[in-house]
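In this note's numbering, the protein residues as written are 7 to 117.
For each residue, glycine too, the CB sits at the ideal point set by N, CA and C.
Remember, predicted model here, so these are calculated numbers, not experimental data.
Let me begin by presenting the structure, written as structure tokens, before commenting on it.
Dropping the structure here:
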């Protein structure tokens, strides 16, 4: 997803988390800027959120920063959960083929 789409999703999540109006206004400001700039860069929501947390408005106003930090915690938890699921999927046992067992039987008979 590009930056504008990620910011739209972040805004929706902030609204559902009942973020303060100044937080929504800041995200609106940066969202309109991102839409005007365009671009097809692919970046994650977490990365976009971290960039918003570094914005001057977030540095000046602790309520904005706290709203963004709360959302960051949620997104980081989701990322960790997805990583665990991916790791479990990669580490699952893979069944051996019939050919493997035939070769194993042939080796036993030779010895």
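Where residue i sits in the DSSP three-state scheme
i, result
"residue 105", "helix"
"residue 9", "helix"
"residue 22", "helix"
For residue i, the nearest candidate out of the options (CA to CA)
i, options, result
"residue 74", "22, 11, 7", "22"
"residue 81", "16, 11, 116", "16"
"residue 28", "117, 71, 47", "71"
"residue 46", "83, 117, 12, 89", "12"
8 angstroms Cβ cutoff, residue i in contact with chain C
i, result
"residue 81", "Going by chain labels, chain C is absent from the structure shown, which holds only one protein chain."
Practice task
Report yes or no: do the stretch 48-64 and the stretch 96-110 share at least 3 C-beta pairs separated by less than 8 angstroms?
Solution key: Touching, no.
Handout entry: Entirely enclosed alpha helix (DSSP H) segments - the stretch 33-89, minimum 4 residues
Key = Complete alpha helix (DSSP H) runs here, min 4: 51-59, 62-66.
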